[in-house]
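Structure, as structure tokens:
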Amino acid sequence: MSSPVFLTGRRKAVYNQYIKLRVFLHFLGEAITGKLPWKGFPGFLDRLLYFLAKMKENKYVTTQGTTKINLYVPGFPSAAFFKACRKVSPIGEKQPCISVLLSVTSGCRFRCEHCYQKHDRGKDVPIDDLVDVVRQLDAMGVAFFNIEGGDPFLAYDRLKAACAAVTTGEIMVNSTGDGITCDRLEELRELNVRGVMFSLHAPDEEDVNSFMGRDNAWDTMLEGIACCHNVGMDVTFNTCMLRNAFYDGTFDRVMDRAHTFGASLIQLIKPKPSGAWLGEDVSFFSPSDLAHVEKLVRTYNNDPKYAHYPFIAAQIHDERADMFGCTAGGTDRFYINAKGDVQPCEFLNISYGNIQNEPFEQIFRRMRESFDMPGDRWLCESCAPEIHRLHQESGSPSLPLSEELSARVHENCDRGACPDFYHYVDVRHRTSATNGMSS
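In numbering that gives the first Met the number 0, the protein residues as written are 0 to 438.
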């Protein structure tokens, strides 16, 4: 096993200049060969540098020969990385989606208390239908594929088929560790799977087992981690903890564990009132609480004391108004659940349609018409009371809401103001393109 190499401080600053140079030379070559129009090339570079600058506060981490600068941006340098950079190439058009979360099965032997799929009921979508959608997503510019279950290794053939359908993209698989073997990981590594994202919601075995609803959850995770290290695949984690965990030392102990386990990255997810927690009071963090968590994130990502700790990818940072905002609905990412429902986000229990009932491109177009632009409001929180009310009134045991009920949610929700990034790279360039056509 090779350990992750983390870049902070001056080393990161120097590497940033290298990234900019490589990016410039790559796309200069595309402009020279006619793949990019010369007329829009300076504006494209301006937007691309702004895109990269938005990630400069992150800790960079190098594994398997490429460097991650953001969870949802593939490692640099790679074909998938340069594909993601094309997000900012359209002029006068909507910015394309570059990441997706796909569920290949609802099958799972764990009972995590926060599961956003808890009320998803129905048969898994035929794998051929899902593979066809993966190919479409690959062709339309998606560069980062996050594939999950249930637990995807319990439906390994389906997982493998979905991964094999990606031609240019980075893949991360979410798993409890259940069903993982070293042989399977070796196969997946050949299909551009970068790593496995395990769940680490507490620092101790007893608490992890309790939270995930199985007495062997901890041991299952450890076995999966060992296999990842054995085959040279990234070990990453997601963690979701309530407010008090950031004050009583729990979060720090989780970071210590992630460091001990040789993790390259840990995704910090704010508790969401969705799925099993829909209707529950789990999401309240005051402005001072959020500032406190962000301070912890900055410390672990930038303080030399924690230089060898995993990079924290924190939703509360990336989705701020002065960053990318909430990018649900295909503005940057979206979700397809195991039964084929196309959802704006895994934490937003509404549906725009099912890929078993109509062509994916029609559903996606409808969703993008609704989600024209990202906003600075977290819809998974602001829309949750209405989703909960409609779910209770409908009497349905299943989520997401039906398309009809979902429309009552998304047609009336306030998405807030356009975040800084999209105002810079999208709104003003759409406006200038429109003005240019009118003149």
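Note that the Cβ used here is the ideal one computed from N, Cα and C, for glycine as well.
On a predicted model such as this, the values are computed, not experimentally measured, just so you know.
Would you mind working out which of the options sits nearest residue i, comparing C-alpha positions?
i    : options                : result
F346 : I268, N353, Q391       : I268
Q116 : G339, F152, I315       : G339
A275 : C344, E205, D119, D45  : D119
F359 : D375, I335, I349, D45  : I335
D137 : A163, A12, G352, W217  : A163
L398 : G329, S350, C412, R414 : S350
D419 : E318, G394, S287       : E318
C417 : F43, A320, R85         : A320
N411 : E402, Y423, C382, S393 : C382
V72  : T166, T61, C84         : C84
T167 : D127, A216, A201, S98  : S98
F80  : D131, I31, K19, K38    : K19
A244 : K159, V281, R9         : V281
V292 : D331, R108, M240       : M240
Please classify residue i: does DSSP put it in a helix, a strand, or coil?
i    : result
E357 : coil
A312 : strand
R157 : helix
G374 : strand
D123 : coil
D302 : coil
Q135 : helix
Y423 : helix
V296 : helix
V4   : strand
N229 : helix
L35  : coil
F363 : helix
F210 : helix
C344 : strand
E147 : strand
V72  : strand
V87  : helix
S369 : helix
S287 : helix
F97  : The displayed chain sequence assigns Ile, not Phe, to residue 97. In this structure, I97 counts as coil in the three-state DSSP scheme.
I224 : helix
L398 : strand
Excluding the five sequence neighbours on either side, which residues of its own chain have a C-beta within less than 7 angstroms of the C-beta of residue i, listed in chain order?
i    : result
G223 : S174, G176, I179, V195, F197
A327 : F333, P343, C344, L347, F370, L378
M139 : P95
C114 : G274, A275
G435 : Residue placement at G435 is poorly supported in this model, since its pLDDT is 46, which falls under 50; the coordinates are not used for a value here.
S37  : Residue identity check: residue 37 is Trp in the sequence provided, not Ser. A30, listed in sequence order.
P151 : V103, T104, L158, V172, S174
For residue i, I'd like the list of residues in its chain whose CB is within less than 8 angstroms of its CB, leaving aside the five on either flank, ordered along the chain.
i    : result
H387 : P272, L277, G278
D123 : V103, T104, S105, G106, A154, R157, A337, K338
V234 : G194, V195, F197, I224, C227, H228, F260, G261, A262, S263
L389 : L400, L404, R407, V408
P396 : H118, R120
S77  : T65, E169
What are the start and end residues of the beta strand (DSSP E) that includes residue i?
i    : result
I170 : 169-173
N15  : Not the beta strand (DSSP E): N15 falls in the alpha helix (DSSP H), residues 8-31.
C325 : No beta strand (DSSP E) contains C325, which DSSP labels as neither H nor E.
T249 : Where T249 is concerned, there is no enclosing beta strand (DSSP E), although the alpha helix (DSSP H) it sits in stretches over 249-259.
M196 : 192-198
C239 : 233-239
E403 : Not the beta strand (DSSP E): E403 falls in the alpha helix (DSSP H), residues 402-409.
N243 : It is not in any beta strand (DSSP E) - N243 carries neither H nor E in the DSSP assignment.
L264 : 264-268
K67  : 65-67
T62  : 59-62
Under 6 angstroms Cβ to Cβ from residue i, same chain only, skipping five residues before and after it: list those, please.
i    : result
G121 : K338
M54  : I68, N69
Y59  : L6, K11, T66, I68
E134 : Note on residue identity: the sequence assigns Arg, not Glu, to residue 134. Cβ neighbours of R134 beyond the five flanking positions: A164.
V439 : Limits of the chain in this structure are 0 at one end and 438 at the other, which puts residue 439 out of reach.
H258 : Y308
L101 : I146, I335
V207 : A201, A216, W217
So residue i is in the alpha helix (DSSP H); what residue range does that whole segment cover?
i    : result
S393 : 383-393
K82  : 78-84
F50  : 40-52
E186 : 181-188
Give the C-beta separation of residue i and residue j to the nearest angstrom, bearing in mind that I take them to be a contact with Cβ-Cβ under 8 angstroms.
i    : j    : result
D413 : R376 : 6 angstroms
F236 : E112 : Actually they do not touch by this definition, with Cβ atoms about 17 angstroms apart.
G324 : P373 : 4 angstroms
K82  : A161 : So it is not a contact: roughly 18 angstroms between Cβ atoms.
V230 : R188 : 6 angstroms
Any Cβ of chain D within less than 8 angstroms of the Cβ of residue i?
i    : result
K117 : Absent from the structure is chain D; it holds one protein chain and no more.
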